[in-house]
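Enquirer: In this text, residue positions in the sequence shown follow this note's numbering: the first is 140, and each later residue adds one.
Just so you know, even glycine gets a beta-carbon here, dropped at the ideal spot from N, CA and C.
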Amino acid sequence: MTRIDDNIPAMGQHDHQLYCLHGTEFMRINNKTALITGGGSGLGEASSLRLAEEGARVFVTDISQESAERVAQTIRDFGGQATALHHDVTQESDWSRVHDAIAAECQSLDILVNNAGVAFSGNIEETSLSDWRAVNSVNSDGVFLGMKNCLPMMTKPGGSIINISSIEGIIGDPNLIAYNASKGAVRLMTKSAALHCTQAGYGIRVNSVHPGFIETPMVAEGIAAMGDAAEEFHQQILAAIPMGHLGQAIDIANAVLFLASDESRYMTGSEMVIDGGYTAH
Ligand SMILES: NC(=O)c1ccc[n+]([C@@H]2O[C@H](COP(=O)([O-])OP(=O)(O)OC[C@H]3O[C@@H](n4cnc5c(N)ncnc54)[C@H](O)[C@@H]3O)[C@@H](O)[C@H]2O)c1
C-alpha cells in the first residue's frame, strides 16, 4: 500500500521517514477490522487513515455520508480497504444496520473507535435541558451504544475498544457543563466496560483517549464562533499549554493506533492523556 501520510494533517518529515521503514509484513494491525465513528472529519479522519495505513480494513462511519465516503475513497485510492457507512451514533437502529454491514463482509470486528462527538459551550445556568440531552446523546449515549452493539461482534482475542473522551472528561470548565459531563461519562464507562470484559474472559481491552486542544474543524469552528473575542481566547489557550502550541490530529491518531495494536496488550481501563502538558498543572 502506498504511504498516505500526506493526507494526514501535519505529519512531520521525521514521522514519514520512520514509517516508511515498514514493509507490509511489519504493518502493526494487519488483517484487523476497524470501525471508526465520526470518521469523516478531524480526529476520526486521521485515525481512519492511520489505521488503514497500518493494514486494517476500515469501516468509516459518520452522520455525514459524504465525509465518510471522501475518507474511505482516499484510503482506497492509496490501496487500502475501506467502506463508508451513514451512521448516527445516537440511533440504536443505525448501530444494527452498521453491525449487519460489517458482519456481511467480515468474520469479526477487532477495533472499535468511538470517536463521533459534538462540542457545546454553556454554563449550568444558561444550558437548557434539551441542549444537555443533545450533547450527552452523541458524546455519551453514542459511546454506550457503540460498545453494547459491537461487543458481540468482537469474537477474536486481541480486540480493542478506544473511546475518545477529552481533557474535559478529567477537569472542569465553567462553560462546558454538558460537554464536561458527557466526556466524564465516557471516562468511567470505559473503566466499567474494561472490567466487565476481563471478568467475562473476553480478549477485549477498553481504554479512553483524552485529547487536549487539537487543530480540527471542531476547535477551529468553536474559536471562530467567538467573533471579536476569538484571538484573545486563542492566545489564552496557547498560554495555558506548557508545550506552547495546539496538537495535530495525527498526534491523536498515533495514540489510537497504539491502543488498537497488540503493542498495548497490557493496557485496559486506562486513560491516555495527549494535551501538550495542559492538565499537568
Ligand atoms: N479537537 C479537539 O481538540 C478535541 C479535544 C478533545 C476531544 N475531542 C473529541 O474528539 C472527537 C472528534 O472531534 P473532532 O475535533 O475531530 O471533531 P470534528 O467536528 O472535526 O469531527 C466530528 C465528526 O463526528 C461526526 N458526528 C457528529 N455527530 C454525529 C453523530 N450523531 N453520529 C455520527 N457522527 C457524528 C461529524 O459529522 C464529524 O465528522 C469528539 O468526540 C470530540 O469531542 C476533540
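Taking only heavy atoms of ligand 1 into account, decide whether any of them is closer than 7 Å to the Cβ of H238.
Expert: No, ligand 1 has no heavy atom inside 7 Å of this Cβ.
Enquirer: To which residues of the same chain is A392 closer than 6 Å at the C-beta, ignoring the five residues directly before and after it?
Expert: Around A392: A185, S186 and R189.
Enquirer: Verify whether the separation of the beta carbon atoms of E402 and R167 is less than 8 Å.
Expert: Contact flag set, yes.
Enquirer: Could you tell me the alpha carbon to alpha carbon distance between T418 and I310, rounded to whole angstroms?
Expert: Taking the straight line from one Cα to the other gives about 8 Å.
Enquirer: Pick helix, strand or coil for D374, following the three-state DSSP scheme.
Expert: Note that residue 374 is Gln in the sequence shown, not Asp. The answer is helix: DSSP assigns Q374 an H, G or I state.
Enquirer: Grouping DSSP H, G and I as helix and E and B as strand, with all else coil, what is E410?
Expert: Strand, per DSSP.
Enquirer: With a Cβ-Cβ cutoff of 8 Å, do S347 and N302 count as a contact?
Expert: In this structure, N302 lies closer than 8 Å to S347 by Cβ.
Enquirer: Please determine whether the Cβ atom of M357 lies at a distance below 7 Å from any heavy atom of ligand 2.
Expert: Ligand 2 is not part of the structure shown, which contains ligand 1 as its ligands.
Enquirer: Would A317 and N254 qualify as a contact pair, given that the criterion is a beta-carbon distance under 8 Å?
Expert: Not a contact, by the Cβ cut-off of 8 Å.
Enquirer: Return the first residue and the last residue of the alpha helix (DSSP H) that D280 is part of.
Expert: Careful: D280 lies outside any alpha helix (DSSP H) and carries neither H nor E.
Enquirer: If we count the other Cβ atoms within 10 Å of its Cβ and call it buried at 16 or more, is G366 buried or exposed?
Expert: Exposed: under 16 other Cβ atoms inside 10 Å.
Enquirer: Which of the three DSSP states is assigned to L190 in this structure?
Expert: Three-state DSSP puts L190 in a helix.
Enquirer: May I ask you to report which of helix, strand or coil DSSP gives E402?
Expert: Three-state DSSP puts E402 in a helix.
Enquirer: Any C-beta of chain B sitting closer than 8 Å to the C-beta of E354?
Expert: The chain labelled as chain B is not found in the depicted structure, where only one protein chain is given.
Enquirer: Pull the bridge partners of F198 from the DSSP assignment, please.
Expert: Looking at the DSSP assignment, F198 forms a beta bridge with L174 and T222.
Enquirer: For P350, which of helix, strand or coil comes out of DSSP?
Expert: Here P350 sits in strand by DSSP.
Enquirer: Should M293 be labelled buried (16 or more other beta-carbon atoms within 10 Å of its own) or exposed?
Expert: So M293 counts as buried.
Enquirer: Below 8 Å on the Cβ atoms is my contact criterion, and I expect A432 with M406 to pass it. Report the Cβ-Cβ distance as a whole number of Å.
Expert: This structure leaves residue 432 out entirely; the chain is present only between 140 and 420.
Enquirer: By a C-beta neighbour count over all protein chains shown, 10 Å radius and 16 as the cutoff for buried, is I389 buried or exposed?
Expert: By the neighbour-count rule (16 or more Cβ atoms within 10 Å), I389 is buried.
Enquirer: When you compare the CB positions of D239 and D233, do they come within less than 8 Å of one another, or not?
Expert: Cβ atoms of D239 and D233: not closer than 8 Å.
Enquirer: At a threshold of 7 Å, does H226 count as lining ligand 1 (C-beta to nearest heavy atom)?
Expert: Because some heavy atom of ligand 1 lies under 7 Å away, the Cβ of H226 counts as near it: yes.
Enquirer: Given a threshold of 16 other Cβ atoms within 10 Å of its Cβ, counted over all protein chains shown, does G298 qualify as buried or as exposed?
Expert: Looking at its Cβ environment, which holds 16 or more other Cβ atoms inside 10 Å, G298 is buried.
Enquirer: Nearest to G323 by alpha carbon, out of Q338, C336, A333 and I306?
Expert: Here the closest residue by C-alpha is I306.
Enquirer: Is F352 close to ligand 1? I mean its beta-carbon at under 7 Å from any heavy atom of the ligand.
Expert: The answer is yes for F352.
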